[in-house]
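Residue numbers (my numbering): 1 to 478. No residue lacks a Cβ here, since even glycine has one placed at the ideal position from N, Cα and C. Here is the structure we will look at.
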């Protein structure tokens, strides 16, 4: 690992590019999947994917512990990684046996779960996701948070290519999508094993204790946090239908890239805060300088989705998916709050304060679970959108209070006001354009989306001095 301080801008840009490349390949894939499998088939795939991802999160929690401790004490990184890897291997063996026995010895599961091949492929994905996530965190902790995300982006491209091939050429259906995911994970694991250059060190008392003290919070945080995100998919599948899951996931996939600016901030932020605090350098200025920009994309997507959401869904996926309009708009509002929550979480992790993050996720999960069941049962997908916004707002409030207590810093994202103003002006521009008659929804979208984006960012650059100064210094055209 390099002893140099990581660059927030360089590593953040790597993360941002990686996530957008992955999002683009994933969006191409989901358009193909939705048009071939329909809402029900797509929903079944995402249900399986959600279960596998949730069950792999304890491994990523161990990886986060190694990432954190390794960035603090690079001389012990091999011992930390070895300790976490051994624990992950034990975990995947244990969870695989439990899942296999439950499925084969429960008549309820045999009668109510999807066909056998999908269940077994889901168990395989649990194993592969567990190993991949911990290796990715090892690589990030070595001072390469940006490159670790780039690797995941390449994995997404390979995954999409394999899935489309298996689905379109070989007609393998949902199983083809799961097999494509599995193969992409195997290839990425092999690559990461070479890149991380893991040298096995026998875990000692200190490394085990350090990993334990941090992972006792990072494991439940990461696991519950993923349940927090994925419970929507599972609850919709149970209360509504797999088709509703397909509509929900298809709509959310369009707006998911809006959280990637926050992701580009949070991954390097944990390492940077950890490094600076270890060297007795101030870190609170990072909150004011970069965190408010976490919501720079969700806000315009929420406003734009209100005007053109139904047309966009129908053009991309077919008329069966146009009912996801409310998810498109509500989901973008959710991501605006969610982006700030995630960045504050990683900031607290950098302060070696995982406890309030865990607390926020547990409380948020309970609220989200209850609201999803109640609202989804009575008002369907509209209720889902309302539930996730309320739950995320509560989580964000808890984190703001925690940052004040732990870091002695009041988080006031005042720069978000510029984003809201720019979004409102963009909304008026879209409204004017939408009044003009068009022969098709495609023509309307081709005109509306680029103009809306230009208006939003033009106004934002004009009103936000920090962005304007950055562009003047780096592009020399303003």
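The count of Cβ pairs closer than 8 Å, one atom from the region 254-262 and one from the region 16-32, reaches three, so the stretches are in contact. Listed in chain order, the alpha helix (DSSP H) runs fully inside the region 161-233 are 173-196, counting runs of at least 4 residues. The Cβ atoms of residue 371 and residue 385 do not sit closer than 8 Å to each other.
Per DSSP, reduced to three states, the secondary structure at residue 240 is coil, with no helix or strand assignment.
Counting C-beta atoms within 10 angstroms of its own C-beta, residue 226 has 16 or more neighbours from the protein chains shown and is therefore classed as buried. Per DSSP, the continuous alpha helix (DSSP H) segment holding residue 104 begins and ends at 77-104. The C-beta separation of residue 239 from residue 377 comes to about 6 Å, placing the pair in contact by the 8 Å criterion. For the pair residue 162 and residue 209, the Cα-to-Cα distance works out to about 42 Å. Separation of residue 349 and residue 357 (C-alpha to C-alpha, rounded to the nearest whole angstrom) is 8 Å. Counting along the chain, no alpha helix (DSSP H) covers residue 320, and no H or E run does either. Per the C-alpha coordinates, the member of 178, 399 and 391 positioned closest to residue 359 is 399.
A direct Cα-to-Cα measurement between residue 42 and residue 34 gives close to 6 Å. Judged by DSSP secondary structure, residue 424 falls within the alpha helix (DSSP H) whose first and last residues are 416-435. Residue 324 and residue 79 have their C-alpha atoms roughly 48 Å apart.
In this model, residue 392 and residue 229 are separated by some 10 Å (Cα to Cα). Apart from sequence neighbours up to five positions away, the residues of its chain that approach residue 185 with a beta-carbon distance below 6 Å are 128 and 132, ordered along the chain. Taking C-beta separations shorter than 7 Å and ignoring five residues to either side along the sequence, the partners of residue 95 in its chain run 55 and 126, following chain order. Cβ-Cβ separation between residue 117 and residue 175: approximately 5 Å, consistent with a contact (criterion under 8 Å).
DSSP, read as helix, strand or coil, puts residue 351 in coil.
Here residue 408 is exposed: its Cβ has fewer than 16 other Cβ atoms, across all protein chains shown, within 10 Å. Under the Cβ criterion (8 Å, minimum of three pairs), the region 282-298 does not count as touching the region 217-224. When the beta-carbon positions are compared, residue 448 and residue 434 come within less than 8 Å of each other.
In this structure, the CA atom of residue 368 is about 9 Å from the CA atom of residue 232. Annotation for residue 296: no alpha helix (DSSP H) segment contains it, and DSSP assigns it neither H nor E. Selection 192, 202, 38 and 182 evaluated against residue 82 yields 202 as nearest (Cα-Cα).
The Cβ atoms of residue 269 and residue 317 lie no closer than 8 Å to each other.
Of 296, 321, 353 and 397, the smallest CA-CA separation from residue 421 is found for 296.
Taking residue 120 as the centre and dropping the five residues before and after it, the same chain places no C-beta closer than 6 Å to its C-beta. Taking all protein chains shown into account, residue 180 has 16 or more neighbouring C-beta atoms within 10 Å of its C-beta and is therefore buried. In the structure shown, residue 274 falls within a helical segment according to DSSP collapsed to helix, strand and coil. Using a 10 angstroms sphere on the CB of residue 464, the tally of other CB atoms reaches 16 or more, which defines it as buried. In the three-state reduction of the DSSP assignment, residue 283 falls in the coil class. With contacts defined as CB atoms closer than 8 Å, residue 340 and residue 375 fail to qualify as a contacting pair.
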